[in-house]
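Engineer: Please see the structure below; I have some questions.
Written out as structure tokens, the structure is:
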């Protein structure tokens, strides 16, 4: 198989994975972000909205970090046990 074909195959796989994960993003992340924005009134101002969004994004990143650490710890202990 020529190298160009492998690059195209990797791109197609990444594109399909992106389309598959976009459903998760629309269903979960979109709903949470919309709910957060609708809960803030226009009287709060732009700074309050930006601060609320920054805290929400920080919480999201930390939640994914903790979940990744937990899955990585379990996976590495299983790998070590099977080695």
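Residue numbers (my numbering): 939 to 1021.
Positions of the beta carbon are idealized from the N, C-alpha and C atoms, including for glycine.
#1: Compute the Euclidean distance between the alpha carbons of residue 1019 and residue 1012, then round it to the nearest angstrom.
#2: Can you list, in chain order, the stretches of the alpha helix (DSSP H) that have 4 or more residues and sit fully within the segment 944-991?
#3: Taking 7 Å as the threshold (C-beta atoms), are residue 978 and residue 994 in contact?
Structural biologist: Concretely, from the data shown:
#1: 11 Å
#2: 968-977
#3: no
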